[in-house]
Structure formats: C-alpha cells, structure tokens
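>
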Amino acid sequence: MEVTASSILLSLALATFLTCAWKAVNWVWLRPKQLERCLRDQGFKGNTYRFLYGDSKDFVPAIIAARSKPMEVNDDDIVPRVLPIHQYFVNLHGMYFPFQLQPKKIHKVSFLLSRLLGWLAMVTIFGTNYLAWMGPTPRVNITDPKLIKEIFSNTEVFQKPVMNPLRKFIVTGIATYNGEKWATHRSLVNPAFHLEKLKLMVPAMYSSCCEMIGKWEVLVSTKRSSFGSDYEEGKQLFQLQKEQADILMQLLRSIYIPGWRFSHFYKSSYAQDLLAYRFLPTKTNRKMRKIYNEVGALVQNIINKRQRTMNGEGDTDLLGILLKSNLKATDQELGSKNNKLTVEDIIEECKLFYFAGQETTSVLLVWTMVLLSKHQKWQALAREEVLAVFGDNKPDGITNQILMGYISSKL
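Taken in order, the sequence shown gives residues 1 to 411; the numbers are from my numbering.
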C-alpha cells in the first residue's frame, strides 16, 4: 500500500498535536498532582492544588490589602507590609516561615532559597513544613534548622532554577549561577568580604556619606564603597537599573502565566524566548536592549579606569579585589577557561553588586534611620559613640575604629 505525502504530513501533525497536548496536561495537572502526593507523603501541609492558578489568586488581594494604607508610625511588625504573601500563610495556618524553597523534581529534588525574613528572632515555628502553589509549581517552606543547613551545604543537589530569560537584562552574576561556574565566581569574589578588606572601605564610606549629606538627592550611595567610582557614575547606573527593573516588572505582569515555568512545558530555552516575545523588535524590547548596553558600557568604563590605576590601592574595594583575584588566578596558571572571569563576567558581577547594594544596604540604612528617629535614646547614644571614636577627625583607616556595639545589638 503506497503511503502518500499527505498521509505522512497528517500523521506528523497528529503526533505533534498529541505530544503538545500531553505536555500541556502534564504541566497543568498530572505533574502538580504527582508532586502534591509526593510532598504530602513527606509531611508537608498546604492547600490542595487548584487547576492552573494554584494559590496565586489568593496572593493578589493580600498584596493589595497590605499596601492600601501606610504603616502605623509606632508599628514595628513589618512582615505584613514587606512580605504580605508570607503573612497570608501565617494568618491561614498560624506559622512563620523565613525560608522559601522550590522543588523541581520528585526523586532528585532541587530547591531555590529565595527569601529570608529579617532577623532570626522572627523565626518561631508553630507547625511543620508547609506547601504553597505558585501556579502549577509547588513551593515548600522549610523551618527545620538541620534541613536548612543541609540545603546551604549541598549546593550541587539544591540548585537555583533556570532564571526567567528577561531577567538577564537587569543582572546575572554569582546569584544566578550553579555548579562549577558558581564555585569559580565565589572563590574570586569571596576575598572582598573578609573583615580586614571591609575595614579598608571605611574612608570611602565616609566620603560617600559626606556627599550624601551635602546633596541629599539620594538616601544612601553604596557604589563608592564597592567600586571606587564617583558619585555621578553611580547615580547614573542606579537610575538605569531602576528603569530597567520597572520595565521588566511591567512585562512580567503583562505576559504572566501562573507558575512561569515554561521549562516544565517546553524544555528548550528557545521556546521560552519565543513565548516571552524577547526577540520581537517592539518599543519595549528596544528600550530594554538600549539600557542593557548603556549599563554594560558604563561598568566597562569603570573597570577600564580601575585597571589603569591598579598600583597597590586597587584591592581596597570590591572591584579592585575582584580584578586582583582574577589576575592572581591567571598568574598562577590557574586561569584556565573555567577558572577565571572574562570581562563580561566581571561586568555582570559589578552589575549584581550595584543592584544588590541598592536593594539591601541602602534599604537597611534607611530602616536604621527610621528606627533611630523613632527611638531618640538610641540616636543620642549612637551620636555619643561616634564622636567618642572619631571626634571631628576624618577617618583615614580602621585602626582607631571600634565596633558600634550598642547600635548593632539594638538593630
């Protein structure tokens, strides 16, 4: 019996349709239910999976309610405002969970450590580990300190999930890497966070604070203490990254599909790119690409200036230490393709710490200022301590500095 071309094409089309249909059903129903049974067998509690949306519909009202009115001036309970989704589960199940983790597979489970709720005093365990649904993707909250330690220690098994392709326009770097690449970047970045290296940044921090007080256009500037760049360069970089982040959040809201786990449906990154419309020459995509290139060029200029002036003082900040560590690895013939950073890698690490510094250090300093303004006694004691240590002198190092124990113990 002769097989015609049309029958072959029809068979291929039918096979393709059935394959896609099976993957869709598996993505939105079969796999979530299988994961739910697996997690419940391990003792996790939580809502039953609801088709496609999971618990996502419950989160929006919680976020809107939390941000519909300002916090009370004397209210120190910041969790409901800062993390309304977590507070939703607290109200529902009477538990606090500071760590959120995301399973990827059933037998070889891989997790994402995504949130840390403030200070450890907030960790009060009233129940067992908890399960929540972000679309078809289950997420578990781990409260057992032994399990948390295991997750931190076993980075080969507990890895970060594949990052949304759109997020690379903001930052990648060590925070998004896994395996050998993560280990290489950490070994080169880690020296910058030794206590003695951090002490050397005090003069730069002092200089930044003087500019802050003089201009008061921003609450805090962390770029000088990290990279030795000037005020205007750092300000421009922060503005560009903030604009990029705003565009990204608008995009994610406009094309959001619950769970955002295209890798469960189409495994190829190419399919994810198509679904995210990343390659279409839209106005938004052109704008994101332009900002991405501007940020890269700005950081490249900072790196080039630092490389030209690395004559002994180049290792007193994060960028200098990163460049010096990378150069040392090369000189020791450890700088193979897998054991050293390319210029692009260094640019991404700089972008990461610029962004992370703005979203962590500056926010913490602003919160510290809020607390000091609310507690006048702390403010007076802190001022006395600073004047007792430095007086009217400009700090030229850390040799005369003592830790501000009172503030750290209170905050």
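Heads up, the beta-carbon is just placed ideally off N, CA and C, and yes, glycines get one too.
Helix or strand or just coil, what does DSSP make of Gly391?
If DSSP states are grouped into helix, strand and coil, Gly391 belongs with coil.
> Could you give the DSSP three-state label for Thr184: helix, strand or coil?
Note: Thr184 maps to helix in three-state DSSP.
> Between Val366, His194, Thr137, Leu92, which has its C-alpha nearest Leu322's C-alpha?
Nearest of Val366, His194, Thr137, Leu92 to Leu322, Cα basis: His194.
> Is there contact between the segment 32–51 and the segment 135–155, where contact requires at least three CB pairs shorter than 8 Å?
Touching, yes.
> Are the segment 153–166 and the segment 63–74 in contact at 8 Å, needing three or more beta carbon pairs?
They do not touch, by the three-pair rule.
> If we ignore side chains and look at the alpha-carbon of each, how far apart do Leu117 and Val82 end up?
Its pLDDT being 33, under 50, Leu117 is placed unreliably in this model, and the value from its coordinates should be taken loosely. Going from the Cα of Leu117 to the Cα of Val82 covers about 9 Å.
> Using only the alpha-carbon positions, how far apart do Thr4 and Phe51 sit?
Whole-angstrom Cα-Cα distance: 41 Å.
> Give the secondary structure of Leu92 by DSSP, where H, G and I count as helix, E and B as strand, and everything else as coil.
In this structure, Leu92 counts as helix in the three-state DSSP scheme.
> Is the number of C-beta pairs between the segment 167–186 and the segment 346–353 that are closer than 8 Å three or more?
Output reads yes: the segment 346–353 touches the segment 167–186.
> What does the alpha-carbon distance come out to for the pair Pro80 and Met205?
Cα-Cα distance, rounded: 32 Å.
> Can you round the beta-carbon distance between Thr176 and Lys160 to whole angstroms, since I take them to be within the 8 Å contact cut?
Going by Cβ atoms, the distance from Thr176 to Lys160 rounds to 6 Å, so yes, they are a contact pair.
> Using DSSP bridges, identify the partner residues of Thr137.
In DSSP, Thr137 forms a bridge with Met134.
> Assuming contact is defined by CB atoms lying nearer than 8 Å, are Asp41 and Ala132 in contact in what I supplied?
Not in contact: Asp41 and Ala132 (Cβ atoms no closer than 8 Å).
> Nearest to Thr284 by alpha carbon, out of Lys305, Leu319, Gln244?
Of the listed residues, the one whose Cα sits closest to Thr284 is Gln244.
> Does DSSP classify Gly173 as helix, strand or coil?
Looking at Gly173 - three-state DSSP - the assignment turns out to be helix.
> What separation, rounded to the nearest whole angstrom, lies between the Cα atoms of Thr184 and Lys324?
Taking the straight line from one Cα to the other gives about 14 Å.
> Expressed to the nearest angstrom, what Euclidean distance is found between the alpha-carbon atoms of Ala65 and Tyr53?
Roughly 20 Å separates the two Cα atoms.
> Opposite Gly54 in the DSSP bridges: which residues?
Bridge partners of Gly54: Met134.
> With the cut-off set at 8 Å, would you say Tyr130 and Lys45 are in Cβ contact?
In this structure, Lys45 lies closer than 8 Å to Tyr130 by Cβ.
> Give me whichever residues DSSP pairs with Gly46 in a beta bridge.
Leu131.
> Roughly how many angstroms lie between the CA atoms of Gly179 and Arg186, to the nearest whole one?
Taking the straight line joining both Cα atoms gives about 11 Å.
> Taking the alpha carbon of Val366 as the reference point, which residue from Asn293, Arg289, Leu240, Cys209 has its own alpha carbon closest?
Closest option to Val366, Cα to Cα, is Cys209.
> Kindly give me the distance between the Cβ atoms of Asn326 and Leu188, rounded to whole angstroms, as I take these residues to be in contact under 8 Å.
Asn326 to Leu188, Cβ: 6 Å. Contact.
> Could you give the DSSP three-state label for Leu275: helix, strand or coil?
The pLDDT assigned to Leu275 is 45, lower than 50, so where the model puts this residue is not dependable, and the model offers no usable value.
> Measuring CA to CA, which of Ile148, Leu319, Tyr292 is closest to Leu341?
The option with the nearest alpha carbon to Leu341 is Leu319.
> Any idea what DSSP makes of Thr284, helix, strand or coil?
Helix, per DSSP.
> When the Cα of Ile63 is compared with those of Ile78, Tyr88, Lys199, which residue comes out closest?
The candidate whose alpha carbon is nearest that of Ile63 is Tyr88.
> If we count the other Cβ atoms within 10 Å of its Cβ and call it buried at 16 or more, is Gly391 buried or exposed?
By the 10 Å Cβ count, Gly391 comes out exposed.
> DSSP three-state call for Arg40: helix, strand or coil?
The answer is helix: DSSP assigns Arg40 an H, G or I state.
> Among Met212, Lys181, Leu14, Lys199, which has the Cα closest to the Cα of Ser362?
The shortest C-alpha separation from Ser362 is found at Met212.
> What does the alpha-carbon distance come out to for the pair Ile151 and Tyr354?
Answer to the nearest angstrom: the Cα atoms are 27 Å apart.
> Would you report the Cα separation of Asn450 and Val370, rounded to the nearest angstrom?
The requested residue 450 does not occur in the structure, where the chain is confined to residues 1 to 411.
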